[in-house]
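Engineer: Got a structure here, written out as structure tokens. Questions coming.
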Amino acid sequence: MEKPSRVATAFEERVYTAIRRIPRGKVTTYKHLAVALDCGSSQAVGQALKRNPYAPEAPCHRVIASTLTIGGFAGHTDGEEIRRKLRMLAEEGVAFTDGKLADPKQVYVFPKSR
DNA sequence: CACCTGACATAAT
DNA sequence: AATTATGCCAGGT
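Per the working numbering, the first sequence runs over residues 812 to 925.
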């Protein structure tokens with residue numbers, strides 16, 4: 812008997828809301844997200860995504876590492892889950908080469924919050 | 001409340 | 001270029 816699903820914290824919800832603004836065919840980085848959320852730790856952002864309770868509603872697959880690498884997905888930094896992530900991105904027009912983003916211009920930059 | 005972990009980032013070696 | 005070490009922040013135990 813598993814306990815009921817966890818409730819997302821305010822910080823997590825903030826992350827999900829942010830990634831939802833990412834237009835299709837584009838991607839962002841954990842770092843950019845951290846900055847947009849005014850959080851100095853991209854790692855904290857990554858953790859929120861891993862716990863993503865909202866499925867395709869929150870396109871967590873559109874978030875990559877600042878080095879333009881694929882990053883992680885479904886709790887794995889490599890493996891089949893990563894292949895799926897790459898495939899989904901490819902379907903949206905985001906191509907990767909040798910594990911890196913082919914066109915850095917496809918990185919979405921969040922609007923200035925103020 | 002103290003300690004550890006993590007879908008990261010950056011610098012140093 | 002690859003590996004190691006340190007920093008940052010939030011969440012879990």
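Here a beta-carbon is modelled for each residue, glycine too, at the ideal position from N, C-alpha and C.
1. In the DSSP output, which residue or residues are listed as bridge partners for residue 840?
2. For residue 910 versus residue 888, is the C-beta spacing smaller than 9 Å?
3. Are the beta-carbon atoms of residue 823 and residue 876 separated by less than 9 Å?
4. Using DSSP with H/G/I as helix, E/B as strand and the rest coil, what is residue 911?
5. With C-beta atoms as the reference, is residue 918 less than 9 Å away from residue 839?
6. Tell me, please, which residues DSSP counts as bridged to residue 884.
Structural biologist: Taking the definition as stated:
1. Paired residue(s): 875.
2. Contact flag unset, no.
3. No, these two residues do not count as a Cβ contact at 9 Å.
4. Per DSSP, reduced to three states, the secondary structure at residue 911 is strand.
5. Cβ distance < 9 Å, so residue 918 and residue 839 count as in contact.
6. DSSP lists 887 as partners of residue 884.
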